[in-house]
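Worksheet: one structure, shown below.
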Amino acid sequence: MEQTKKIFIMVLPSFGHINPITGLASELVLKQKYEIFFYGNDEHKDVIERTGAIFRQYENMLISESKIKPLNEEKHDAMEGFFLKMINYCYKSVPTLIQDLELEKPDLIIFDHMSLPARFAIKILETRFQKGLIKNPPPPAVNFYTCFASKKGVYPNDEQIKEMAGSGIQSLTSLAKIIYKQTIFSWKFGINIYNPIEFINKPEKLNIVGVSPELHPFSEHFDSSFKFVGPCISEKVRKSQNFEPKLKEILDLFPIVGSDLTKRDEQSNLRLIYASLGTVFNNNLFIFDMIIEAIRLYNEDKGEENSYDSKVVISVGKDNMKIYDEKVETDENFHLPENVLIMASVPQIDVLERASVFITHCGMNSACEAIQYGVPVICLPIKADQPLVAHRLADDLNLGIRFDPLNVTPKDLKSALDKILRENSYLERMLSFTKISHEYNGSASSANLIEQFLNELYSSN
0 MEQTKKIFIM VLPSFGHINP ITGLASELVL KQKYEIFFYG NDEHKDVIER
50 TGAIFRQYEN MLISESKIKP LNEEKHDAME GFFLKMINYC YKSVPTLIQD
100 LELEKPDLII FDHMSLPARF AIKILETRFQ KGLIKNPPPP AVNFYTCFAS
150 KKGVYPNDEQ IKEMAGSGIQ SLTSLAKIIY KQTIFSWKFG INIYNPIEFI
200 NKPEKLNIVG VSPELHPFSE HFDSSFKFVG PCISEKVRKS QNFEPKLKEI
250 LDLFPIVGSD LTKRDEQSNL RLIYASLGTV FNNNLFIFDM IIEAIRLYNE
300 DKGEENSYDS KVVISVGKDN MKIYDEKVET DENFHLPENV LIMASVPQID
350 VLERASVFIT HCGMNSACEA IQYGVPVICL PIKADQPLVA HRLADDLNLG
400 IRFDPLNVTP KDLKSALDKI LRENSYLERM LSFTKISHEY NGSASSANLI
450 EQFLNELYSS N
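According to numbering that gives the first Met the number 0, the residues represented by the sequence shown are 0 to 460, in order.
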């Protein structure tokens with residue numbers, strides 16, 4: 000009888016990195032050949048356990064508490080902030096991961112390409128093995144991209160890197176800080192990694208990309224180690240069973256999009272608008288304020304020909320929810336439109352499968368889900384890779400409208416809502432792309448690739 004193999008999933012403990020891999024985890028559990036240990040934080044425990052995997056707690060890895068500065072305070076701090084904070088986390092988290100790996104000896108590690116703790120743990124064990132300090136090499140690893148894949152000379156290009164990280168003195172200063180911090184870490188743990196940005200872009204023998212080749216820029220130029228499997232969305236894991244009463248009242252007004260992609264609102268004059276900036280970048284309160292004002296302007300013009308009534312759901316995060324609760328109670332000048340529901344968080348899939356427009360920061364997870372459920376987008380990219388995702392969706396594929404959040408006005412957003420809701424072309428293009436997306440079963444394909452990889456690896460030993 001074949002012995003059960005042990006797999007550790009070690010992605011960044013953030014919903015934007017955990018959600019895209021839940022489908023893969025579920026499929027691996029269903030094969031009943033593997034014991035899956037899935038690392039995360041307490042806030043991820045429920046969604047991880049719904050995959051059937053065994054939840055493991057990261058030590059000192061509270062990514063959700065490490066907010067990047069708001070966009071209107073600093074535009075290009077995402078890279079510096081991420082790497083400096085991540086290296087700090089690794090001082091405590093990496094020794095624990097090494098202990099787990101040495102004690103339990105998993106047959107495979109799956110990490111996402113941004114998961115420095117997993118990469119460092121493997122590198123440290125590899126170095127110790129090469130020096131004869133330990134008897135066994137580290138487990139083999141598979142790289143799972145929860146965003147667009149990167150490969151030098153292919154994608155992204157120099158201009159796109161500048162868009163993400165900035166340029167000039169500020170960029171060089173940020174890089175110097177990162178390399179200095181990394182050098183101290185590497186000295187302490189005995190490894191020869193000095194530039195963590197180059198380190199995370201090092202491919203593995205198998206690199207799974209949770210994006211369809213049609214969506215991914217220049218997918219045809221990546222080598223055969225990169226497998227573009229499509230989104231690994233797990234509705235079973237992600238969909239909510241219980242809704243807040245006010246949200247349920249709104250969702251009950253809108254039928255769910257059919258499997259044949261017939262849109263839910265053709266006979267109705269009511270539309271559902273959804274807005275979210277994700278969980279890491281939602282401290283941009285000024286963007287939410289603009290969205291609310293845009294809805295107020297839209298409501299004032301709804302008597303025009305071909306206009307629609309709307310219900311609006313905005314996911315603002317816990318901190319902003321407290322601010323808006325206080326505004327509603329104490330600020331006489333703040334008036335929340337009656338058709339707007341603000342919540343700290345919402346079950347995104349349950350809303351998207353009913354929505355007609357998605358106002359989004361264009362995190363990769365949100366972008367894939369918008370496509371999966373056929374929802375045209377208004378793109379307000381904030382930082383990191385979001386400008387690249389927004390450019391791909393709006394400029395290359397024309398699936399929505401893109402704005403620079405620092406230069407957009409409520410009137411601009413109102414006009415974009417009008418345009419997308421009145422012109423069927425955005426919906427038609429999105430639904431065409433949704434049909435392409437539905438041709439891929441990313442969860443099953445990636446699980447089969449993992450199975451094949453393990454079979455080839457251990458049959459040759």
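Backbone N, C-alpha and C fix where the C-beta goes; we use that ideal spot for every residue, glycine too.
**OP:** Report the partner residues of arginine 55 according to the DSSP bridge assignment.
**Re:** Listed as beta-bridge partners of arginine 55 by DSSP are Tyr38.
**OP:** Check the DSSP bridge columns for aspartate 466 and list the partner residues they point to.
**Re:** Past the edges of the chain, shown from 0 to 460, lies residue 466, and the structure says nothing about it.
Subject >> Local conformation of threonine 95 per DSSP, three classes >> reply: Taken through DSSP and simplified to helix, strand or coil, threonine 95 comes out as helix.
**OP:** Going by CA-CA distance only, name the one from Ser414, Leu456, Ser445 that's closest to asparagine 142.
**Re:** It is Ser445 whose Cα lies nearest to the Cα of asparagine 142.
**OP:** Could you check if glutamine 385 is buried or exposed, using at least 16 other CB atoms within 10 Å of its CB as the buried criterion?
**Re:** Buried.
Subject >> Cβ-based neighbour list, tyrosine 297, same chain, cut-off 6 Å, excluding 5 preceding and 5 following >> reply: Cβ-Cβ distances below 6 Å link tyrosine 297 to Lys413, Leu416 in the same chain, with the five nearest sequence neighbours on each side left out; the list follows chain order.
Original post:
For the putative contact between phenylalanine 225 and asparagine 206, defined by C-beta atoms under 8 Å, what is the C-beta separation to the nearest angstrom?
Top reply: Separation of the CB atoms of phenylalanine 225 and asparagine 206 is rounded to 5 Å, and the pair is thereby assigned contact status at 8 Å.
**OP:** Out of Thr408, Glu162, Tyr307, Lys410, state which residue places its alpha-carbon closest to the alpha-carbon of glutamate 422.
**Re:** Nearest option by C-alpha distance: Tyr307.
Original post:
Out of curiosity, what's the CA-to-CA distance linking leucine 11 and leucine 70?
Top reply: Spanning the two alpha carbons is a distance of roughly 22 Å.
Original post:
By Cβ distance, which residues of its chain are closer than 6 Å to serine 344, with the 5 residues on each side in sequence left out?
Top reply: Shown here for serine 344: same chain residues with a beta carbon closer than 6 Å to its own, the five before and five after excluded, namely Ser314 in chain order.
Original post:
Helix, strand or coil: how does DSSP classify asparagine 236 here?
Top reply: One point to set straight first is that residue 236 is valine, not asparagine, in the sequence displayed. Residue state, collapsed to three classes: helix.
**OP:** State whether the segment 199-214 contacts the segment 85-96, with contact taken as three or more CB pairs (one from each stretch) at a distance under 8 Å.
**Re:** With contact defined as three or more Cβ pairs closer than 8 Å, the segment 199-214 and the segment 85-96 are not in contact.
**OP:** Give me whichever residues DSSP pairs with serine 170 in a beta bridge.
**Re:** DSSP output for serine 170 lists no bridge partner at all.
Original post:
Is the segment 113-126 in contact with the segment 182-200, if contact means three or more CB pairs nearer than 8 Å?
Top reply: Yes, they touch.
**OP:** Could you say which of Thr3, Lys4, Met9, Pro19 lies nearest to cysteine 367 if we only look at CA atoms?
**Re:** Each of Thr3, Lys4, Met9, Pro19 was checked against the Cα of cysteine 367, and the nearest Cα belongs to Pro19.
Original post:
Can you give, in chain order, each stretch of the alpha helix (DSSP H) that sits fully within the segment 398-453 and has at least 4 residues?
Top reply: If only complete runs of 4 or more residues are kept, the segment 398-453 shows the alpha helix (DSSP H) at 409-421, 423-437, in order along the chain.
Original post:
Just to confirm, are threonine 278 and glycine 316 a CB contact at a threshold of 8 Å?
Top reply: For the 8 Å CB-CB criterion, threonine 278 and glycine 316 form a contact.
Subject >> Chain-order list of residues whose beta-carbon lies under 7 Å from that of threonine 95 (same chain, five-residue window excluded) >> reply: Only residues of its own chain outside the window of five on either side were considered, and among them Glu58 have a CB closer than 7 Å to the CB of threonine 95, listed in chain order.
Original post:
Do you know how far the Cα of threonine 329 is from the Cα of isoleucine 341?
Top reply: Near 17 Å, if we compare the C-alpha coordinates of threonine 329 and isoleucine 341.
**OP:** Specify whether the segment 41-52 and the segment 381-401 touch according to this definition: at least 3 beta carbon pairs, one from each stretch, less than 8 Å apart.
**Re:** The segment 41-52 vs the segment 381-401: no contact.
Subject >> Cα-Cα separation, glutamate 292 to valine 339 >> reply: Take the alpha-carbon of glutamate 292 and the one of valine 339: they are about 11 Å apart.
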